[in-house]
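Residue numbers (the numbering used here): 1355 to 1432. The C-beta atom is built at its ideal place from N, Cα and C for all residues, glycine as well. Just so you know, these numbers come straight off a predicted model, no measurement behind them.
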Amino acid sequence: MCLDWFYNLIFKRRRKNKMIAKFEVFKDKSKQWRFRLRARNGKIICASESYISRRNAVLGIKSIQDCASDAVILYIQN
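Okay, here's the thing in structure tokens:
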């Protein structure tokens, strides 16, 4: 299945022709859908829980994209 157009539309955000980060949606070994966020250097900086459908995984990504820009940092002491 060719989803290159969808990938380019949803997951790539470019700044000055450099990809700043990308979400990857994939099936894990137990056939559940997951996503991860990769930094520009290729390191995984966030990994999701499992989802039953790819659509729900994408909705999880959209939720992060919508909420993260307004998120605050909380320092929690043990």
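Going by C-alpha positions, Trp1387 is about 20 Å away from Ala1393.
The alpha-carbon of Phe1377 is positioned some 31 Å away from that of Asn1432.
DSSP, read as helix, strand or coil, puts Ala1425 in coil. Under the three-state reduction of DSSP output, Lys1376 falls in the strand class. When secondary structure is reduced to three states using DSSP, Lys1383 falls in the coil class, being assigned neither helix nor strand.
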